[in-house]
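Residue numbers (my numbering): 30 to 230.
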Ligand code: SF4
Ligand code: SF4
Ligand code: SF4
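As structure tokens, then:
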């Protein structure tokens, strides 16, 4: 290997660290495979060259909330074939990472329509429960994306409204939920919200 190639060589521990900057195991798998696909692919073994691309497409469907059970089965199958048949460490490490993540309850939860980490924006929403909100404004200061609207309560004024989250601005960073002293901010799956809307309609 030339010095130039050595410089470009991807360190798997760096790829893992980048993937684990995400909290959701599906998103982590997507980052890991994405890094793998972005690097040089020698094409010496078939399961890796085709399988990794196919797995990335199916992981993308999970994140978008359009996946089926077949996607889950296929990712599992591709990862186990890649782990077995890949000829290099990079291919095997990628497959093993995905298998490790598939085996978490949080990964499987996506097939019931929820991302417990709240990172898959098409699956879940952070909302403020109006009855619990005391209008203290702590979440407003914590939200770096200006996704929370509301006016802090002043003791000498009345008629204040509970705070709200503007969904299209929310980046699902989860900072607001950590700071609310009343537990008024919750993460709900869109599926759950839709079911509630249907019942109340
Ligand atoms: S697993 Fe490794 S050897 Fe096989 S095609 Fe992928 S990069 Fe090449
Ligand atoms: S931190 Fe909680 S209680 Fe305070 S304004 Fe935000 S949602 Fe309401
Ligand atoms: S999850 Fe992040 S972006 Fe969304 S409202 Fe909370 S702090 Fe703002």
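We put the beta carbon where it would ideally sit given N, CA and C, even for glycine.
Identify which residue in 157, 185, 206, 164 has its Cα closest to the Cα of residue 195. The residue you call residue 195 lines up with position 166 of the chain shown. Comparing Cα positions, the closest option is 157.
Inter-residue Cα distance where the pair is residue 155 and residue 139: Within the chain shown, residue 155 is the residue found at index 126, counting from 1. Within the chain shown, residue 139 is the residue found at index 110, counting from 1. For residue 155 and residue 139, the distance between alpha carbons rounds to 16 Å.
If you follow the alpha helix (DSSP H) that residue 180 is in, where does it begin and where does it stop? As a working mapping, residue 180 is identified with position 151 in the chain shown. Taken as a continuous stretch (DSSP letters only), residue 180 belongs to no alpha helix (DSSP H), as it is neither H nor E.
Using alpha carbons as the reference points, say which of 59, 183, 76, 180 lies closest to residue 149. Taking the chain shown and counting its residues from 1, one reaches residue 149 at position 120. The option with the nearest alpha carbon to residue 149 is 59.
Within 10 angstroms of its Cβ, does residue 118 collect 16 or more other Cβ (buried), or is it exposed? Numbered from 1 along the chain shown, position 89 holds the residue referred to as residue 118. The residue in question, residue 118, is exposed, as its Cβ has fewer than 16 Cβ neighbours within 10 Å.
For ligand 2, is there a heavy atom less than 8 Å away from the beta-carbon of residue 199? Position 170 of the chain shown, counting from 1, holds the residue named residue 199. No; taking the cut-off as 8 Å, the Cβ of residue 199 has no heavy atom of ligand 2 nearer than that.
Any alpha helix (DSSP H) of 4 or more consecutive residues that is wholly inside the segment 60-141: 75-93, 98-114, 118-131, 134-138
On the three-pair Cβ rule with 8 Å, is the segment 162-170 touching the segment 208-216? The segment 162-170, when compared against the segment 208-216, does touch it at the 8 Å Cβ threshold.
Look at the alpha carbon of residue 185 and the alpha carbon of residue 164, and state the distance between them as a whole number of angstroms. Walking along the chain shown from the start, residue 185 turns up at place 156. Walking along the chain shown from the start, residue 164 turns up at place 135. Looking at the two C-alpha atoms, the distance is approximately 14 Å.
DSSP three-state call for residue 42: helix, strand or coil? Start at 1 with the first residue of the chain shown, and residue 42 comes out as number 13. The answer is helix: DSSP assigns residue 42 an H, G or I state.
Only counting the same chain, and skipping five residues up and downstream in sequence, which positions put a Cβ closer than 7 Å to that of residue 47? Translated into positions along the chain shown, residue 47 becomes position 18. Excluding residues within five positions, the ones whose Cβ falls inside 7 Å are 60, 64.
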